[in-house]
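Enquirer: Below is the structure I would like to discuss, written out as structure tokens.
Protein chains: 4
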Amino acid sequence: MVKKPTPDASRRSEKSRRAIYEAALALVAENGYPRTTIEGIAARAGVGKQTIYRWWTSKADVLLDAFLDLAEQGARQSGEEPGEAAEVHGGIPDTGDLAADLKAVLRATVDGLLDPKFEAPSRALAAEGLVNEQLSRELVARLLEPQLQLYVHRLRSAQESGAVRPDIDPRIALELFVSPVAQRWLQHTGPLTYAYTDTLVDYALYGLAPR
Amino acid sequence: MVKKPTPDASRRSEKSRRAIYEAALALVAENGYPRTTIEGIAARAGVGKQTIYRWWTSKADVLLDAFLDLAEQGARQSGEEPGEAAEVHGGIPDTGDLAADLKAVLRATVDGLLDPKFEAPSRALAAEGLVNEQLSRELVARLLEPQLQLYVHRLRSAQESGAVRPDIDPRIALELFVSPVAQRWLQHTGPLTYAYTDTLVDYALYGLAPR
Amino acid sequence: MVKKPTPDASRRSEKSRRAIYEAALALVAENGYPRTTIEGIAARAGVGKQTIYRWWTSKADVLLDAFLDLAEQGARQSGEEPGEAAEVHGGIPDTGDLAADLKAVLRATVDGLLDPKFEAPSRALAAEGLVNEQLSRELVARLLEPQLQLYVHRLRSAQESGAVRPDIDPRIALELFVSPVAQRWLQHTGPLTYAYTDTLVDYALYGLAPR
Amino acid sequence: MVKKPTPDASRRSEKSRRAIYEAALALVAENGYPRTTIEGIAARAGVGKQTIYRWWTSKADVLLDAFLDLAEQGARQSGEEPGEAAEVHGGIPDTGDLAADLKAVLRATVDGLLDPKFEAPSRALAAEGLVNEQLSRELVARLLEPQLQLYVHRLRSAQESGAVRPDIDPRIALELFVSPVAQRWLQHTGPLTYAYTDTLVDYALYGLAPR
DNA sequence: TACTAAGCGAGACGGTACGTCATGTCTTGAT
DNA sequence: ATCAAGACATGACGTACCGTCTCGCTTAGTA
Numbered sequence: 002m003v004k005k006p007t008p009d010a011s012r013r014s015e016k017s018r019r020a021i022y023e024a025a026l027a028l029v030a031e032n033g034y035p036r037t038t039i040e041g042i043a044a045r046a047g048v049g050k051q052t053i054y055r056w057w058t059s060k061a062d063v064l065l066d067a068f069l070d071l072a073e074q075g076a077r078q079s080g081e082e083p084g085e086a087a088e089v090h091g092g093i094p095d096t097g098d099l100a101a102d103l104k105a106v107l108r109a110t111v112d113g114l115l116d117p118k119f120e121a122p123s124r125a126l127a128a129e130g131l132v133n134e135q136l137s138r139e140l141v142a143r144l145l146e147p148q149l150q151l152y153v154h155r156l157r158s159a160q161e162s163g164a165v166r167p168d169i170d171p172r173i174a175l176e177l178f179v180s181p182v183a184q185r186w187l188q189h190t191g192p193l194t195y196a197y198t199d200t201l202v203d204y205a206l207y208g209l210a211p212r
Numbered sequence: 002m003v004k005k006p007t008p009d010a011s012r013r014s015e016k017s018r019r020a021i022y023e024a025a026l027a028l029v030a031e032n033g034y035p036r037t038t039i040e041g042i043a044a045r046a047g048v049g050k051q052t053i054y055r056w057w058t059s060k061a062d063v064l065l066d067a068f069l070d071l072a073e074q075g076a077r078q079s080g081e082e083p084g085e086a087a088e089v090h091g092g093i094p095d096t097g098d099l100a101a102d103l104k105a106v107l108r109a110t111v112d113g114l115l116d117p118k119f120e121a122p123s124r125a126l127a128a129e130g131l132v133n134e135q136l137s138r139e140l141v142a143r144l145l146e147p148q149l150q151l152y153v154h155r156l157r158s159a160q161e162s163g164a165v166r167p168d169i170d171p172r173i174a175l176e177l178f179v180s181p182v183a184q185r186w187l188q189h190t191g192p193l194t195y196a197y198t199d200t201l202v203d204y205a206l207y208g209l210a211p212r
Numbered sequence: 002m003v004k005k006p007t008p009d010a011s012r013r014s015e016k017s018r019r020a021i022y023e024a025a026l027a028l029v030a031e032n033g034y035p036r037t038t039i040e041g042i043a044a045r046a047g048v049g050k051q052t053i054y055r056w057w058t059s060k061a062d063v064l065l066d067a068f069l070d071l072a073e074q075g076a077r078q079s080g081e082e083p084g085e086a087a088e089v090h091g092g093i094p095d096t097g098d099l100a101a102d103l104k105a106v107l108r109a110t111v112d113g114l115l116d117p118k119f120e121a122p123s124r125a126l127a128a129e130g131l132v133n134e135q136l137s138r139e140l141v142a143r144l145l146e147p148q149l150q151l152y153v154h155r156l157r158s159a160q161e162s163g164a165v166r167p168d169i170d171p172r173i174a175l176e177l178f179v180s181p182v183a184q185r186w187l188q189h190t191g192p193l194t195y196a197y198t199d200t201l202v203d204y205a206l207y208g209l210a211p212r
Numbered sequence: 002m003v004k005k006p007t008p009d010a011s012r013r014s015e016k017s018r019r020a021i022y023e024a025a026l027a028l029v030a031e032n033g034y035p036r037t038t039i040e041g042i043a044a045r046a047g048v049g050k051q052t053i054y055r056w057w058t059s060k061a062d063v064l065l066d067a068f069l070d071l072a073e074q075g076a077r078q079s080g081e082e083p084g085e086a087a088e089v090h091g092g093i094p095d096t097g098d099l100a101a102d103l104k105a106v107l108r109a110t111v112d113g114l115l116d117p118k119f120e121a122p123s124r125a126l127a128a129e130g131l132v133n134e135q136l137s138r139e140l141v142a143r144l145l146e147p148q149l150q151l152y153v154h155r156l157r158s159a160q161e162s163g164a165v166r167p168d169i170d171p172r173i174a175l176e177l178f179v180s181p182v183a184q185r186w187l188q189h190t191g192p193l194t195y196a197y198t199d200t201l202v203d204y205a206l207y208g209l210a211p212r
């Protein structure tokens, strides 16, 4: 969401902005990211190309904002009517049973990753990020890291309650179960099932070596 | 490496093929994947565009073959003059000390991932794979999975020697230390250092919970 | 000058149009029609290819407009500074001596046909017209027929003054001296000299048969 | 029919040559000259491209030979079974009535020009000739001029019998009725009817001026 | 209330690359 | 040794988008 220097944001057309987000997400979902074009987004949104170029620097930039907007809407909804998605957006439950809590959250994460509404744009952003480090940093800072910090909190709480060794670095530890899920999703290196994520938590918490 | 239907492969020009691989890799390294064009590859290779379109279906397809060729060359070399890269291409050492062996391999992997000669094309392929599932499957089957199977072998050997619990699934276990490295590399979620990979191995082998 | 359906002609760039005409005429004159390409015209005119494809349907179509424009300029000039080309563009003199008048006009026509500035593009258009009837009709209607009507007028005036029999159809009669010139020019069936055109007029006016 | 220097004509495949002629004429008739390609001719004739390039220099060159071959066949046939086309290929009748003879021949010429089997290739050749002077000379020398010489003979005979003034140049005179037909055919400047050609002969023979 | 300056839809523009087609040359196998 | 087959380097084709640049037209906020 890098902004161009001059334009006067206060005069900005809210209607166009929303139309652009919707068009961008719809086109990516329908045709895939590479076949989505700025001209196509403008046409679908009923908007001049310049209106896009005025506020964003690239296709990825538009999509990033569109996706953040989508995520925000999701968060707002799950705030209003707290339900199954609560863990994803709202935090990680702390029932005292660390393994159970982590399994629950990972299951919800898997559901989110496979939700078709999110999958196309998030893959697209991730792909762009691979090759465009600046976008990647933006993505990580605004979407990924906030999620990961929730795990950090939960693990610290577990350390306090003695369920996790105190010398463990939570920021690294969380990757033991989060990264495998991420990689399977990103690279199709294996199926994403509940059984799989449960196993990950078990292995990570108790280790591979005989106790 | 999806082949177009008809052309007669026996008449194929070996010289052109090699020139195309070199041009593709060089251009991706110099300008990045998105700014590498098929026209550019053809021009740099001194080859007609049609010669590319005859044998490959897309830019990604060319780059995949080029990269596989590069990997093969690497493998052939490390077979001939066994050296530092031996673990990456040739297998995982089995000194009896599982932790030490895994740490050594992961360090070598990090070196490989950060080698500028490999980084640009592999990021490019990974990015394309994110969005193009067919390519992704190809990549995983021909590059990634063979690597991962080496870990499977080593872990099985550790199970036999009692260093790893017999009920552990090695194919899943290996992701505990491989996937975090992959994700940090793919998504820039954190630095890739030896200290980090060593820690990963320690956490994974002995778990997070107090023993 | 067949127009593509939609584009908004009021926004059209006059500068580009003129540059395209000049480039087209220059390239045809320099390299000949078949070796003139749309890409070449665009490059020479400093114009995007699309700007040509937006307003014309084919190379021949461009050249037709360019040529008409050239003819118009010629006409405008000869209107302003009436000189030798007056007969070609501006009408046929009527001195009362039909034979002399026709001979003068035919001589001027020959000069025009052999003018290198006109020859290449008009041959090119004529050639294209041979094989592309639609273009041919356009050519005849917009360039040739207006010229021929001048002869019709002059011959009618001659009929009024009694120099030509009243039962003669002027539209056919004019072909007796115009078509031979055209054919010699088109097909190189013989030299185009003043002596030749004078002879044609004599033969045509007084007939071949003994009187 | 410009020949490439070296190849040994005695080894030439007659079958291929004929197949190429047929393919060339058929394709020009079906798709028009510009959309006829050498590759297409080769494919249709079941012949390698090289076999064409070995014996001819260009598409026009092939077509010229094909057309001459066609004309020869026609001539041979009309020699064997003398019929309506006799005048076109075999000469001009000399019944003593010059006007009648010329009208008959011109009518036959019109029939020939409008015969669909001949029209496409001859237009194509004429078009190519417009822009390719070398081909044009070939065409005129081998096809057109021999035809015109028949008129020269007939007009000379008429001069001997006193039907045409002795000071007339027959080579020029013939153009008075032949060229208008040629131009109408070449440039679509008017309809080609028997009435028209008859009128041409009348005008040309008796002149336009009152007697 | 009118003026003015922005954002806006529209889309022409100079470009780049696309993927296809045909050119004319060259090589290979078979007949 | 000639032919068919067709791979090759070349280069133009016509199309799709790029990102920039006018155009008139709302549409505020200021005069």
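Chains as they are written, first to last, in the working numbering: chain A, 2 to 212; chain B, 2 to 212; chain C, 2 to 212; chain D, 2 to 212. Glycine is no exception: its CB is placed at the ideal position from the N, C-alpha and C atoms. None of the values given here were measured: they were computed from a predicted structure.
1. Considering only C-alpha positions, which residue in the set V202(B), S11(B), L201(B), L193(B) is nearest to L114(B)?
2. How would you write the range of the alpha helix (DSSP H) that A10(B) sits in, first residue to last?
3. Do the segment 125-132 of chain A and the segment 58-78 of chain A touch if we need at least three Cβ pairs shorter than 8 Å?
4. What do you get for R36(C), buried or exposed, if any count of 16 or more other CB atoms within 10 angstroms of its CB means buried?
5. If you draw a straight line from the alpha carbon of P122(D) to that of R185(C), how long is it in whole angstroms?
6. Comparing C-alpha positions only, which one of E31(B), A61(B), D70(B), T58(B) sits nearest to A20(B)?
7. Taking DSSP as the reference, what is the three-state secondary structure of T110(C)?
8. Below 8 Å, can you find three or more Cβ-Cβ pairs linking the segment 196-203 of chain D to the segment 96-106 of chain D?
9. By the 10 Å Cβ neighbour count, where 16 or more other Cβ atoms means buried, how is K16(A) classified, buried or exposed?
10. Can you give, in chain order, each stretch of the alpha helix (DSSP H) that sits fully within the segment 16-72 of chain C and has at least 4 residues?
11. From the beta carbon of R166(B), is the nearest beta carbon of chain A less than 7 Å away?
12. Kindly give me the distance between the Cβ atoms of D93(A) and R155(A), rounded to whole angstroms, as I take these residues to be in contact under 8 Å.
13. So what does DSSP say about V179(B), is it helix, strand or coil?
14. Should R12(D) be labelled buried (16 or more other beta-carbon atoms within 10 Å of its own) or exposed?
15. Chain C partners of E120(D), CB-CB under 8 Å?
16. I'd like to know if S180(A) contacts chain B, where contact means its C-beta is closer than 7 Å to some C-beta of that chain.
17. Taking beta-carbon pairs under 7 Å, can you tell me which members of the segment 126-151 of chain D lie near chain C?
18. Would you mind working out which of A164(D), A10(D), Y197(D) sits nearest R108(D), comparing C-alpha positions?
19. Note down, in chain order, all residues in the segment 32-45 of chain A with a beta-carbon under 7 Å from any beta-carbon belonging to chain B.
20. Is the beta carbon of L99(A) closer than 7 Å to that of A159(A)?
21. Go to L140(D), then tell me how far its alpha helix (DSSP H) extends in each direction, as first and last residue.
22. Since R138(C) and H189(D) should fall inside the 8 Å C-beta cutoff, what is the C-beta to C-beta distance between them, to a whole number of angstroms?
23. So, is G84(B) buried or exposed, given that buried needs 16 or more other C-beta atoms within 10 angstroms?
24. I'd like the list of long-range same chain contacts for F178(C), defined as Cβ closer than 6 Å, with 5 residues on each side in sequence excluded.
25. Leaving out five residues on either side along the sequence, give the residues of the same chain with a beta carbon under 8 Å from the beta carbon of G97(D).
26. Identify, in the order they occur along the chain, each residue of the same chain with its Cβ nearer than 6 Å to the Cβ of P181(B), setting aside the five sequence neighbours on each side.
27. Given that Q51(C) touches chain D, what residues does it touch there, using C-beta distances under 7 Å?
28. By alpha-carbon positions, which one of L187(D), R45(D), Y195(D) ends up nearest to L136(C)?
29. For the putative contact between L213(A) and I169(B), defined by C-beta atoms under 8 Å, what is the C-beta separation to the nearest angstrom?
30. Apart from the five residues just before and just after G191(B), which ones in its own chain have a Cβ nearer than 8 Å to its Cβ?
31. Give the residues of chain B in contact with A124(A), contact being defined as C-beta atoms less than 7 Å apart.
32. Excluding five sequence neighbours on each side, which residues of the same chain lie with their C-beta closer than 8 Å to the C-beta of D95(C)?
33. Taking all protein chains shown into account, do 16 or more other C-beta atoms lie within 10 angstroms of the C-beta of A10(C), making it buried, or fewer, making it exposed?
34. For I39(A), I'd like the list of residues in its chain whose CB is within less than 6 Å of its CB, leaving aside the five on either flank, ordered along the chain.
35. Looking at the structure shown, is D203(A) part of a helix, part of a strand, or coil, going by DSSP?
Expert: So, from the listed chains and residues:
1. L193(B)
2. It is not in any alpha helix (DSSP H) - A10(B) carries neither H nor E in the DSSP assignment.
3. yes
4. exposed
5. 21 Å
6. D70(B)
7. helix
8. yes
9. exposed
10. 39-46, 50-56
11. yes
12. According to the sequence displayed, residue 93(A) carries Ile and not Asp. That belief holds up - the Cβ atoms of I93(A) and R155(A) are roughly 4 Å apart, short of 8 Å.
13. helix
14. exposed
15. Per Cβ cutoff of 8 Å: no residues; E120(D) is ~11 Å from chain C at best.
16. yes
17. A127, A128, G130, L131, V132, E134, S137, R138, V141, L145
18. Y197(D)
19. G33, Y34, P35
20. yes
21. 134-140
22. 6 Å
23. Unreliable placement is indicated for G84(B), whose pLDDT of 46 sits below 50; the coordinate value is still reported in the next sentence. Burial call: exposed.
24. L201, V202, A205
25. S162
26. L201
27. Correct list: empty, because the minimum Cβ distance to chain D is about 23 Å.
28. L187(D)
29. For chain A, the structure presents residues 2 to 212; residue 213(A) sits outside this window and is missing.
30. R185, Y197
31. The question names Ala, but residue 124(A) in the sequence shown is Arg. Those within 7 Å of R124(A) in chain B are L131, V132.
32. D102, R155, S158
33. exposed
34. I53, K60
35. helix
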